[in-house]
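S.K.: All the letters of the sequence shown, read from the start, carry residue numbers 1 to 398 under UniProt numbering.
Note that beta-carbon positions come from the ideal geometry of N, C-alpha and C, so glycine has one too.
Attaching a single structure in structure tokens format; questions to follow.
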Amino acid sequence: MVKPLRIGILIQHDSGWAGGNIYIQNLVRAIAALPLEMRSPIEIYLIAKADAIANSYHDLEPLVTKICQANCLNSSFFNRLWWKVGRTIPFAKDKRLALLAQREQIDFLYPMVGNGGISWDFACNWAAWIPDFQHKYLPNFFSAVELQVLDSAFERIAQNAPMIVFSSQAAEADFRKFYPHSKAKTFVLNFCTIPQPTWFTGDPIAVQKSYNLNDNFFLVSNQFWIHKNHRIIIEALRILKQENIKPTVVCTGTLNDRRFPGYGDEILKLVHESDLADQFITLGFIGRVDQIQLMRRSLAVIQPSLFEGWSTVVEDARLLGKQIILSDLPVHFEQNPPGASFFRQDSASELAQTIKQVLPRLVPGPDLEAEAASRRVNQAQCRVYAEQFLQIVKSCKL
1 MVKPLRIGIL IQHDSGWAGG NIYIQNLVRA IAALPLEMRS PIEIYLIAKA
51 DAIANSYHDL EPLVTKICQA NCLNSSFFNR LWWKVGRTIP FAKDKRLALL
101 AQREQIDFLY PMVGNGGISW DFACNWAAWI PDFQHKYLPN FFSAVELQVL
151 DSAFERIAQN APMIVFSSQA AEADFRKFYP HSKAKTFVLN FCTIPQPTWF
201 TGDPIAVQKS YNLNDNFFLV SNQFWIHKNH RIIIEALRIL KQENIKPTVV
251 CTGTLNDRRF PGYGDEILKL VHESDLADQF ITLGFIGRVD QIQLMRRSLA
301 VIQPSLFEGW STVVEDARLL GKQIILSDLP VHFEQNPPGA SFFRQDSASE
351 LAQTIKQVLP RLVPGPDLEA EAASRRVNQA QCRVYAEQFL QIVKSCKL
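Below, the structure written as structure tokens:
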């Protein structure tokens, strides 16, 4: 009997970085959605602390072979920095994860996460994942200590990781630019949003009403981190208000930025001072299903970010067939969703003009015809995503 290919997916729960959680969710769901003949030789083992399963991943249990608890995985992040970078590759001496992988006969571990004390001395193959190099381009958004930790962690990854996965060609190019000496094998794996059936059986209008929102609104689904660039939306709304154009922008996402604890309050203060409280509406962190229903109902999505590795918001909008207004990041052009409009990330006037241009032809969703067409495209994309991941796994000598 041929031994199945056993893949260990390491997960941690942290409400501070929803994108990291969604990344793992999408990966597991994509593999589970493969045709049976491709899926049957594969076993997925989720490796995490118990609270991660209870808090964020319990719905994945039917899709995996086994869930393994690993006490060496910290259930809360030092901040999102350690999940995205320092924990992407283990670099110390705690061998409990290595022993677990050996005991469970894991063939491949991904993405490498864990606290700074976890050893990288694995008997199995493994790969690191680097989402982006924001700290290289926006160092003013990081403390001196954070910059030092990031540079040190990335250098260790460059020197020690046998394989590194990037979500975009832009991120891979950055890695080769900043770490030309690295001998790691690199791969680009563009993730896509894997829908849940309940997303399309829900009632967007009912969800809209539950939040007391009017029928016509743009949606911004970013946590209130400084690089997400919410300020430019407020500035654009001020410009439009002078022309008696008053669109509503609804924002979902936690108001807390660990690097800049007062940033959320600054944004709310600016909204108040600009007399935009009825146009710039913050809902805070909401459930994923509600977020999707509001996106379906929205006029369009706005993604004004100053930096992204591969935007989950863009992939959500693509799945739902929503028009999206994007900042002119290289990765946004790389993602290139259908019908996107772009504006210079530092130009509030250009954003205002873009909103003004698209507003007359927008209507509240959902657009069931556009959703159906986008879902058909998404099914093919999801299969490609899962197949490419398995190609990465099988590219190493198992």
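The beta strand (DSSP E) that contains L255, what's its start and end?
M.R.: Note, L255: premise wrong, no beta strand (DSSP E); not H, not E.
S.K.: State the DSSP-derived secondary structure class of W129, mapped to helix, strand or coil.
M.R.: Residue state, collapsed to three classes: strand.
S.K.: Which of helix, strand or coil does DSSP assign to V64?
M.R.: DSSP places V64 in coil when its eight states are reduced to three.
S.K.: Among W126, R296 and L213, which one has its Cα closest to the Cα of S395?
M.R.: Nearest option by C-alpha distance: W126.
S.K.: Name the DSSP bridge partner or partners of E43?
M.R.: Partner(s): R6.
S.K.: Should V250 and L237 be called a contact, given that it needs their Cβ atoms to be closer than 8 Å?
M.R.: The answer is no: Cβ separation not under 8 Å.
S.K.: Tell me the DSSP bridge mates of I22?
M.R.: Looking at the DSSP assignment, I22 forms no beta bridge with any residue, so it has no partner.
S.K.: On a Cα-Cα basis, can you pick out the residue from P338, A33, S305 and L213 that is closest to L319?
M.R.: For the residues P338, A33, S305 and L213, the minimum Cα distance to L319 belongs to P338.
S.K.: Taking only three categories from DSSP, how would you classify A48?
M.R.: A48 falls in the strand class under three-state DSSP.
S.K.: Is it right to say S168 is buried, meaning 16 or more other beta carbons lie within 10 angstroms of its own, or is it exposed?
M.R.: With 16 or more Cβ atoms within 10 Å of its Cβ, S168 is classed as buried.
S.K.: Quick check on the DSSP output: what are the complete alpha helix (DSSP H) runs of length 4 or more inside the region 131-196, in order along the chain?
M.R.: 134-137, 144-160 and 169-178, all fully within the region 131-196.
S.K.: Suppose the cutoff is 6 Å on Cβ atoms and the five residues either side in sequence are ignored; what does the same chain contact list for K84 look like?
M.R.: Only weak support exists for where K84 lies, its pLDDT of 48 falling under 50; the coordinates are left without a value.
S.K.: Going along the chain, which residues of its own chain have a beta-carbon closer than 6 Å to the beta-carbon of A98, five neighbours each way excluded?
M.R.: If we look at A98 and ignore the five residues flanking it on each side, its Cβ neighbours are S119, D121 and F122.
S.K.: For F217, does the three-state DSSP call read helix, strand or coil?
M.R.: F217: coil per DSSP, three-state reduction.
S.K.: Starting from A300, follow the alpha helix (DSSP H) in both directions and report where the run begins and ends.
M.R.: No alpha helix (DSSP H) holds A300; the beta strand (DSSP E) holding it covers A300 to Q303.
S.K.: DSSP beta-bridge partners for G284?
M.R.: Beta-bridge pairing links G284 to T252.
S.K.: From this set, N140, E273 and L255, which residue's C-alpha is nearest D265's C-alpha?
M.R.: Of the listed residues, the one whose Cα sits closest to D265 is L255.
S.K.: Here's a check: name, in chain order, each residue in its chain whose Cβ is nearer than 8 Å to the Cβ of S298, leaving out the five neighbours to either side.
M.R.: If we look at S298 and ignore the five residues flanking it on each side, its Cβ neighbours are F217, F218, L219, V250, K322, P364 and G365.
S.K.: By how many angstroms is the C-alpha of L390 removed from the C-alpha of E104?
M.R.: Roughly 19 Å between the two C-alpha positions.
S.K.: Following the continuous alpha helix (DSSP H) through F122, name the residue where it begins and the one where it ends.
M.R.: No alpha helix (DSSP H) holds F122; DSSP gives it neither H nor E.
S.K.: On the DSSP letters alone, give me the boundaries of the alpha helix (DSSP H) that F333 sits inside.
M.R.: Element bounds for F333: P330 to Q335.
S.K.: Where does V313 land, buried or exposed, given buried means 16+ other C-beta within 10 angstroms?
M.R.: Buried: at least 16 other Cβ atoms inside 10 Å.
S.K.: DSSP beta-bridge partners for Q69?
M.R.: In DSSP, Q69 forms a bridge with A48.
S.K.: Rounding to the nearest angstrom, what Cα-Cα distance links N26 and T193 in this structure?
M.R.: Looking at the two C-alpha atoms, the distance is approximately 6 Å.
S.K.: Reducing DSSP to helix, strand and coil, say where Y263 ends up.
M.R.: Y263 falls in the helix class under three-state DSSP.
S.K.: How many Å lie between I245 and R296 at the Cα?
M.R.: So the two alpha carbons sit approximately 23 Å from each other.
S.K.: With DSSP run on the structure shown, which of helix, strand or coil describes I324?
M.R.: Strand, per DSSP.
S.K.: Compare the beta carbon distance of T252 and S210 with 8 Å and say whether it is the shorter of the two.
M.R.: Against a cut-off of 8 Å, the Cβ pair of S210 and T252 comes out as no contact.
S.K.: I'd like the list of long-range same chain contacts for I22, defined as Cβ closer than 6 Å, with 5 residues on each side in sequence excluded.
M.R.: Once the five neighbours on either side are set aside, the close Cβ partners of I22 are T312.
S.K.: Roughly how many angstroms lie between the CA atoms of I324 and Q335, to the nearest whole one?
M.R.: If you take the alpha carbons of I324 and Q335, they lie about 12 Å apart.
S.K.: Quick check on DSSP: helix, strand or coil for S341?
M.R.: Strand.
S.K.: To the nearest angstrom, report how far apart F91 and K66 are at their CA atoms.
M.R.: The predicted position of F91 is uncertain, since its pLDDT is 41 and thus under 50; no value can be drawn from it.
S.K.: Tell me, to the nearest whole angstrom, how far the beta carbon of L36 is from that of A386; I am working on the premise that it is less than 8 Å.
M.R.: Wrong, their Cβ atoms sit about 13 Å apart, outside the cutoff.
S.K.: When the Cα of A152 is compared with those of Y263, Y179 and N140, which residue comes out closest?
M.R.: In the sequence on display, residue 152 carries Ser and not Ala. It is Y179 whose Cα lies nearest to the Cα of S152.
S.K.: What's the gap between the Cα of K95 and the Cα of D290?
M.R.: The straight-line gap from Cα to Cα measures roughly 41 Å.
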